[in-house]
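Numbering (full-length UniProt numbering), first residue to last: 1 to 312. All C-beta atoms, glycine included, are put in the ideal place defined by N, C-alpha and C. Just so you know, these numbers come straight off a predicted model, no measurement behind them. The next block holds one structure in the form of structure tokens; read it before the comments.
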């Protein structure tokens with residue numbers, strides 16, 4: 001499966017090409033790290049902006065969410081019925097400094113300057129459907145992507161305004177981020193969104209849709225753009241590793257194991273889930289797993305099996 005680069009979104013004053021009529025949409029621009037999910041049949045691959053992600057690559061701890069995202073992407077691709085579907089989105093979150101929201105051990109913000117969620121999240125802002133790997137395909141209208149999200153549980157960026165182009169372009173750039181409310185989190189003071197992405201709400205060939213972004217002054221001045229690299233050497237303690245093991249043992253992972261082995265042999269399914277979770281934990285926290293004592297590892301394994309057994 002070839003990697004499909006999304007392309008650069010135009011900034012202020014940059015040419016847009018042919019600008020169509022019809023409905024337009026303004027989306028909140030999420031300040032995160034672009035991550036795509038490509039689906040061809042049952043095969044799922046994850047990528048950064050310009051390359052595929054290696055399974056153990058330290059990219060903001062993405063392995064901690066890949067099992068659930070893979071199942072959601074497969075479900076969405078099945079509904080679309082195309083041979084190849086690529087979802088383009090933003091990986092975000094990792095910190096939310098509100099007294100009523102507990103931090104998630106081992107995580108750090110994907111990007112700084114805006115607070116979205118204590119855990120890692122991913123939201124799809126576009127998708128391309130193609131007949132085969134050689135076909136460049138067609139980008140979905142956002143309303144199609146939003147409907148798909150409602151059907152599958154996939155996140156999409158908040159819609160700020162829809163309608164004719166003049167009405168959409170009149171949407172204010174500066175506003176409090178809508179993402180925490182979308183996730184059911186309490187508000188933070190002065191937690192402003194990065195800006196807007198404005199585009200026609202229609203299908204288009206890749207590279208042919210006139211799309212542009214507007215940012216608030218803080219981000220146009222290149223403030224708050226950097227975050228710390230994922231720390232592969234951090235060593236969460238036993239309690240944190242057990243909590244992550246329980247968090248990663250989710251219905252999506254159970255469904256994946258059952259699809260491979262069926263439900264007739266419970267122990268085999270539990271073995272598959274245990275191995276799957278340990279692989280993702282080892283990829284996200286390699287130093288912690290390599291240094292784990294026998295007692296620590298046994299506690300993690302037991303936590304996975306107990307959580308998996310409760311879901312079977």
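Original post:
CA-CA distance, residue 69 and residue 165?
Top reply: Working through the chain shown from its first residue, we reach residue 69 at position 69. Working through the chain shown from its first residue, we reach residue 165 at position 165. So the alpha carbons of these two residues sit roughly 33 Å apart.
Subject >> For residue 211 and residue 199, the rounded distance between their alpha carbons >> reply: Reading the chain shown from its first residue, position 199 is the one you call residue 199. Reading the chain shown from its first residue, position 211 is the one you call residue 211. For residue 199 and residue 211, the distance between alpha carbons rounds to 5 Å.
**OP:** Let me know the beta strand (DSSP E) ranges lying completely inside the region 176–244, each 3 residues or longer, listed in chain order.
**Re:** 195–200 and 212–215
Original post:
Can you check whether the CB of residue 90 is closer than 8 Å to the CB of residue 51?
Top reply: Sequence index remark: in the chain shown, residue 51 carries index 51 (1-based). Sequence index remark: in the chain shown, residue 90 carries index 90 (1-based). No.
Original post:
In chain order, what residues of the same chain have a beta carbon less than 7 Å from the beta carbon of residue 151, not counting five sequence neighbours either side?
Top reply: Translated into the one-based positions of the chain shown, residue 151 becomes position 151. Here the set comprises 79.
Original post:
Who are the Cβ neighbours of residue 47 in its own chain at under 6 Å, not counting the five residues just before and after it?
Top reply: Sequence index remark: in the chain shown, residue 47 carries index 47 (1-based). Excluding residues within five positions, the ones whose Cβ falls inside 6 Å are 3, 36 and 53.
Original post:
If we call anything under 8 Å between Cβ atoms a contact, is residue 188 one with residue 98?
Top reply: Walking along the chain shown from the start, residue 188 turns up at place 188. Walking along the chain shown from the start, residue 98 turns up at place 98. Result yes, Cβ atoms of residue 188 and residue 98 sit closer than 8 Å.
**OP:** Find the nearest neighbour of residue 277 within the set 55, 67, 117 and 96, judged by alpha-carbon distance.
**Re:** The sequence position of residue 277 within the chain shown is 277, counting from 1. Minimum Cα distance to residue 277 is reached at 67.
**OP:** Can you tell me which of the three DSSP states residue 9 falls into?
**Re:** As a working note, residue 9 is residue 9 in the chain shown. Note: residue 9 maps to coil in three-state DSSP.
**OP:** Please report the Cβ distance between residue 163 and residue 29, rounded to the nearest whole angstrom; I am assuming they are in contact, meaning their Cβ atoms lie under 8 Å.
**Re:** Reading the chain shown from its first residue, position 163 is the one you call residue 163. Reading the chain shown from its first residue, position 29 is the one you call residue 29. Not really, about 19 Å apart at Cβ, beyond 8 Å.
**OP:** With residue 46 as the anchor, note down where its beta strand (DSSP E) starts and where it stops.
**Re:** Here residue 46 refers to the residue found at position 46 when the chain shown is read from its first residue. Taken as a continuous stretch (DSSP letters only), the beta strand (DSSP E) holding residue 46 covers 43–47.
Subject >> Whole-number beta carbon distance between residue 291 and residue 238, since they are thought to touch under 8 Å >> reply: Taking the first residue of the chain shown as position 1, residue 238 is located at position 238. Taking the first residue of the chain shown as position 1, residue 291 is located at position 291. Actually they do not touch by this definition, with Cβ atoms about 11 Å apart.
Original post:
Out of curiosity, what's the CA-to-CA distance linking residue 261 and residue 272?
Top reply: On the chain shown, position 261 is the one that residue 261 refers to. On the chain shown, position 272 is the one that residue 272 refers to. Cα to Cα, residue 261 sits roughly 9 Å from residue 272.
**OP:** For residue 126, count neighbouring Cβ atoms within 10 angstroms of its own Cβ and tell me buried if that reaches 16, exposed if not.
**Re:** Position 126 of the chain shown, counting from 1, holds the residue named residue 126. By the 10 Å Cβ count, residue 126 comes out buried.
Original post:
With residue 96 and residue 117 assumed to form a contact (beta carbons below 8 Å), what rounded beta-carbon distance in angstroms separates them?
Top reply: Within the chain shown, the letter at position 96 stands for residue 96. Within the chain shown, the letter at position 117 stands for residue 117. So it is a contact: roughly 6 Å between Cβ atoms.
Original post:
Going by DSSP, what residues sit across from residue 162 in a beta bridge?
Top reply: Position 162 of the chain shown, counting from 1, holds the residue named residue 162. Answer by DSSP bridge pairing, in chain order: 25.
Subject >> For residue 131 and residue 114, the rounded distance between their alpha carbons >> reply: Taking the chain shown and counting its residues from 1, one reaches residue 114 at position 114. Taking the chain shown and counting its residues from 1, one reaches residue 131 at position 131. So the two alpha carbons sit approximately 38 Å from each other.
**OP:** Express the C-alpha separation of residue 121 and residue 224 in angstroms, rounding to a whole number.
**Re:** Translated into the one-based positions of the chain shown, residue 224 becomes position 224. Translated into the one-based positions of the chain shown, residue 121 becomes position 121. Annotation note: pLDDT 49 at residue 224 (below 50); position unreliable, coordinate value reported separately. Straight-line Cα distance between these residues: approximately 19 Å.
Original post:
Alpha carbon to alpha carbon, how far is residue 21 from residue 206?
Top reply: Looking up residue 21 in the chain shown gives position 21. Looking up residue 206 in the chain shown gives position 206. For residue 21 and residue 206, the distance between alpha carbons rounds to 18 Å.
Subject >> Backbone CA spacing between residue 288 and residue 202 [nearest angstrom] >> reply: Translated into the one-based positions of the chain shown, residue 288 becomes position 288. Translated into the one-based positions of the chain shown, residue 202 becomes position 202. Taking the straight line from one Cα to the other gives about 47 Å.
Subject >> DSSP beta-bridge partners of residue 246 >> reply: Counting from one through the chain shown, the residue named residue 246 turns up at place 246. DSSP lists no partner for residue 246.
Subject >> residue 296 vs residue 64 beta-carbon contact at 8 Å >> reply: What you label residue 296 is simply residue 296 of the chain shown in a count that begins at 1. What you label residue 64 is simply residue 64 of the chain shown in a count that begins at 1. Taking 8 Å as the Cβ cut-off, residue 296 and residue 64 do not qualify as a contacting pair.
Original post:
What does a CB cutoff of less than 7 Å around residue 100 pick up in its chain, not counting 5 residues either side in sequence?
Top reply: Locating residue 100 in the chain shown gives position 100, where the first residue counts as 1. Cβ within range, chain order: 186.
**OP:** Determine the DSSP secondary structure at residue 135, reduced to helix, strand or coil.
**Re:** Locating residue 135 in the chain shown gives position 135, counting from the first residue. Here residue 135 sits in coil by DSSP.
Original post:
In three-state terms, what does DSSP make of residue 14?
Top reply: Taking the first residue of the chain shown as position 1, residue 14 is located at position 14. If DSSP states are grouped into helix, strand and coil, residue 14 belongs with coil.
Subject >> residue 33 (DSSP reduced to helix, strand or coil) >> reply: The residue labelled residue 33 in the question sits at position 33 within the chain shown. DSSP places residue 33 in strand when its eight states are reduced to three.
Original post:
Is the distance from the Cβ of residue 44 to the Cβ of residue 73 below 8 Å?
Top reply: For the purposes of this step, residue 44 is taken as the residue at position 44 of the chain shown. For the purposes of this step, residue 73 is taken as the residue at position 73 of the chain shown. Yes, they are a contact pair.
**OP:** Throw me the rounded Cβ distance for the residue 270 and residue 232 pair, which I believe falls under 8 Å.
**Re:** Numbered from 1 along the chain shown, position 270 holds the residue referred to as residue 270. Numbered from 1 along the chain shown, position 232 holds the residue referred to as residue 232. With a Cβ gap of about 28 Å, residue 270 and residue 232 do not count as contacting.
Subject >> Continuous alpha helix (DSSP H) stretch holding residue 276: start and end >> reply: As a working mapping, residue 276 is identified with position 276 in the chain shown. From DSSP, the alpha helix (DSSP H) with residue 276 extends over 266–284.
Original post:
Once you ignore the five residues that flank residue 155 on each side, which residues in its own chain have a CB closer than 6 Å to its CB?
Top reply: As a first step, residue 155 is located in the chain shown; it is residue number 155 there, counting from the start. The residues are 123.
Original post:
So, is residue 14 buried or exposed, given that buried needs 16 or more other C-beta atoms within 10 angstroms?
Top reply: By 1-based counting over the chain shown, the position of residue 14 is 14. Exposed.
Original post:
Which whole-angstrom value is the C-beta distance of residue 209 and residue 12, which I expect to be below 8 Å?
Top reply: The residue you call residue 209 lines up with position 209 of the chain shown. The residue you call residue 12 lines up with position 12 of the chain shown. Contact doesn't hold; Cβ gap of about 18 Å is too wide.
Original post:
Where does the unbroken beta strand (DSSP E) through residue 118 begin, and where does it stop?
Top reply: Here residue 118 refers to the residue found at position 118 of the chain shown. Where residue 118 is concerned, the enclosing beta strand (DSSP E) stretches over 117–130.
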